[in-house]
Amino acid sequence: MTMISFREITEDNFSAIIQMKRPEGEKFVASNACSLAQAWLYREAGDVWPFAIYHEDTPVGFMMLDEDSEERCLVIWRIMFPVEHQNKGYGTHAIRQIINLARDSGKYDFILLDYVPENVIAKHVYEKLGFLPTGEIVNDGEIEMKLML
2 MTMISFREIT EDNFSAIIQM KRPEGEKFVA SNACSLAQAW LYREAGDVWP FAIYHEDTPV
62 GFMMLDEDSE ERCLVIWRIM FPVEHQNKGY GTHAIRQIIN LARDSGKYDF ILLDYVPENV
122 IAKHVYEKLG FLPTGEIVND GEIEMKLML
């Protein structure tokens, strides 16, 4: 069992998170620096949470969640693993853990996320975890998926 934990982004791990890179030329997800800037922009609303994904004591990825309490919806806005930490099951475990936390909280009826159609690995992971396409195309061509809790 892969031990995944979520940690606040602090001075201690900021540099590691900012330096995480996707494979050269891949445009499936915004940089972590851009994501952190967006989280800072929306900080007043208090419903956007960026955090580091750790395997034991090593930062292996980044995730950012967005809450819509009126809709009782949790959005997985960003999830990113640098190339050296891909294909190790971290993404599946992290999303499964978010699903369980969201379900256990009782605050949400569903989770939304979206992906670039060319990202077949993400599509496979999301389908494996029970997400279904909503039929909506968002963010300049990304496919929206939904998981009912």
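Numbered as in our numbering, the sequence shown ends at 150 without a single skipped number.
Backbone N, C-alpha and C define an ideal beta-carbon position, used for all residues, glycine too.
Nearest candidate by alpha-carbon position, reference residue i, set the options
i	options	result
M4	I10, Q39 and T59	T59
Y109	N14, M149 and D13	M149
Q87	Y43, A34, H56 and K147	H56
A53	I80, L42, A31 and A38	I80
F63	V117, F132, A31 and N101	A31
K147	D141, D115 and F7	D115
I19	E137, W50, A34 and G142	A34
D141	K28, I122, L42 and R73	K28
Straight-line gap, residue i to residue j (C-alpha atoms, nearest Å)
i	j	result
I112	M65	13 angstroms
L130	V84	22 angstroms
R23	G107	34 angstroms
D67	A40	9 angstroms
E143	V117	5 angstroms
Determine contact between the region 93-100 and the region 117-130, defined as no fewer than three beta-carbon pairs at a distance below 8 angstroms.
The region 117-130 and the region 93-100 touch, with three or more beta-carbon pairs separated by less than 8 angstroms.
Which runs of the beta strand (DSSP E) at least 3 residues long sit entirely within the region 7-33? Give them in chain order.
Complete beta strand (DSSP E) runs here, min 3: none at all.
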